[in-house]
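For the record, the sequence lines run as chains A and B. The working numbering numbers the first residue of the first sequence as 1 and each following residue consecutively. The working numbering numbers the first residue of the second sequence as 1001 and each following residue consecutively.
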Amino acid sequence: MKVILNQQQLHLTISRLAHQLIEHGESLADTVFLGLQPRGVKVSDQVVAELQRLCPGETIYYGKLDITFYRDDVRDALHMANQTDIPFSLEGKTVVLIDDVLYTGRTIRAALDAIQDFGRPSKVSLCVLVDRRFNRELPIQPDYCGKALDTIISQRVKVEWDREEVVLY
Amino acid sequence: MQLSTRHLLGIKDLSPNDISIILQTAGQFKEVLQRPVKKVPTLRDVTIVNLFYENSTRTRISFELAEKRLSADTINFTTGSSSVSKGETLLDTVNNILSMKVDMVVMRHSASGAPHFLAQHIPAAIVNAGDGVNEHPTQALLDAFSIAEKTGGLEGRKVVLVGDIMHSRVALSNIYLLRKMGAEVMVAGPPTLIPKYIAPALGVKVEYNLKKALQWCDVANVLRIQLERQNQVLFSSLREYNLAYGVTRRLLDSLNKEIVIMHPGPINRGVEIDSDVADGNQSIILQQVENGVAVRMAVLYLLSGGKSRAAANV
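Shown next as structure tokens:
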């Protein structure tokens, strides 16, 4: 077991991601932040809270997306669905998908499918806390990355939210 | 994550955990049905046949819509326009359909136990859409979903089933389900329409006075008088039935609380329920129909994925 980000580093990383999202992004009024259920929402909750702190008074469009019904492995295993909560249209918006760990890229593939059902966004970008960059199975890369990691398949990366640490097993 | 069963033949075979999984998944599908695009690609490679040996409006449309919302391919089969009228047996019909690579069978049949028979002889997953006077599991699931949605849960809820308990598969499935989920159940109706030993056999209360029953309950599920299943006179006239057991506005106003009114449809207006009650603000009859699609999507999704589907395709 190895700690990749400790509590302080995790807070700094989330704060940096929030700053980068403002720096690169279009106006917040045209941007929608979507946390991916279930674990990405933990990251997006913190990123959005940080954004709100940096831009007080501005309305931040924030939703939660569950991709269970869009998975490409329904044939192999069923997964319990979580709540999707997107109470606005994505038509013409810039969508920022937020997840905790980017690994094979299949979750993001499913998410790209799913968001089409809420309207046609003008642009979609991806923000992840950890990028396991050598294990991709699809041509998907993050636009905002908290920490890039070189890992092998037998290893596991987990964000321990109770201890506020990112750990490599 | 997997249900404990490969088929949905009846609520009797489900565990409380299965029921919770179905109802929770139905909640997520209900959200899907409120999106701009009300369709998900989940069952893109699944073919489902709807085998209806008995008439149906709501259930058949609801299943078909659920299948289409899940992107499954569907085939509709009704006995009137098929070779069943030439004398083909149930098993032959189904085996012929399955040889064309069908993954699931949704079946309604007037013989109790027909889907159970089929389940022993064919590899595809079977969903019972009502068999004779036995069970109608998806109706009970959507009723439970609607009760939970309206009142916040099932545990400890007091539900009365009113009317023709004897001939009602909806009643039996509802009793099994509500008892498994910790609700209290009462049946109310004329003695001739309530089986004699139902109280000890199924753990329900029996009440012959409708007003007392409604006073006791939180939710009243009013069942249809099934005229087509009665070959003997069990009450003297529809008018008399309405006077003694019809749910009327006046009766509801005489209670000292507001109860939720449900009906599985089709309604005999002016017999078991009056129009102003069926269309009134205590009624959730149309919400039941709406929830039916989400509940059936959940059932089809949970039965079609994972290992069960792989096994059926061998």
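Ideal placement from N, C-alpha and C gives every residue a C-beta, glycine not left out. If you're wondering where the values come from, they're calculated on a predicted model, not measured in any experiment.
Query	Result
Starting from the beta carbon of residue 89 of chain A, find every residue of chain B whose beta carbon is closer than 9 Å, and list them in chain order.	1036
Note down, in chain order, every chain B residue with its Cβ under 7 Å from the Cβ of residue 65 of chain A.	Neighbours of residue 65 of chain A on chain B: none; closest Cβ ~11 Å, over 7 Å.
I need the boundaries of the alpha helix (DSSP H) containing residue 112 of chain A, first residue and last residue.	106 to 115
Residue 1161 of chain B bridges to which residues according to DSSP?	B:1187 and B:1221
Taking the alpha-carbon of residue 1050 of chain B as reference, which of B:1037, B:1108 and B:1021 has the nearest alpha-carbon?	B:1108
What three-state label does DSSP hand residue 69 of chain A in the structure shown?	helix
From what residue to what residue does the alpha helix (DSSP H) around residue 1239 of chain B run?	1238 to 1245
Go ahead and pull the three-state DSSP assignment for residue 1310 of chain B.	No answer about residue 1310 of chain B holds up, because its pLDDT of 47 lies below 50 and its placement is not dependable.
Are the Cβ atoms of residue 1284 of chain B and residue 1263 of chain B separated by less than 7 Å?	no
Return helix, strand or coil for residue 173 of chain A, following the three-state DSSP convention.	Residue coverage of chain A in this structure runs from 1 to 169, which leaves residue 173 of chain A outside it and unanswerable.
For residue 61 of chain A, which of A:73, A:30 and A:75 has the nearest alpha-carbon?	A:30
For a cutoff of 7 Å on Cβ pairs, would you count residue 1312 of chain B as touching chain A?	In this predicted model, residue 1312 of chain B has a pLDDT of only 48, less than 50, meaning its place in the structure is not dependable; the value taken from the coordinates is given anyway. No, residue 1312 of chain B does not count as interfacial toward chain A.
Who are the neighbours of residue 1186 of chain B on chain A, taking C-beta pairs under 9 Å?	Ordered by position in chain A, no residue passes the 9 Å Cβ test against residue 1186 of chain B, which lies about 34 Å from the chain.
Specify the secondary structure class of residue 15 of chain A as computed by DSSP and reduced to three states.	helix
On the criterion of 16 or more Cβ atoms from any shown chain inside 10 Å, does residue 55 of chain A qualify as buried, or is it exposed?	exposed
Residue 1176 of chain B and residue 1012 of chain B: beta carbons closer than 7 Å?	yes
Using the Cα positions of residue 80 of chain A and residue 1242 of chain B, report the straight-line distance between them to the nearest angstrom.	45 Å
In whole angstroms, what separates the C-alpha of residue 1008 of chain B from that of residue 117 of chain A?	30 Å
Counting only Cβ pairs nearer than 7 Å, list the residues of chain A close to residue 1040 of chain B.	69 and 70
In chain A, which residues lie less than 8 Å from residue 1031 of chain B when you measure between Cβ atoms?	83, 84 and 85
Does the separation of the CB atoms of residue 70 of chain A and residue 114 of chain A fall below 7 Å?	yes
Starting from residue 119 of chain A, find everything on chain B with Cβ-Cβ shorter than 8 Å and list it in chain order.	1036
Taking 7 Å as the threshold (beta carbon to beta carbon), is residue 1139 of chain B in contact with chain A?	no
Looking at chain B, which residues of the region 97 to 129 of chain A have a Cβ within less than 9 Å of any of its Cβ atoms?	113, 114, 116, 117, 118 and 119
Quick one: what does DSSP say residue 59 of chain A is sitting in, helix, strand or coil?	coil
Which residues in the same chain as residue 124 of chain A place their Cβ atom closer than 6 Å to its Cβ, once the five residues preceding and following it in sequence are excluded?	95
What do you get for residue 1001 of chain B, buried or exposed, if any count of 16 or more other CB atoms within 10 angstroms of its CB means buried?	exposed
With DSSP collapsed to three states, give me the class of residue 1130 of chain B.	strand
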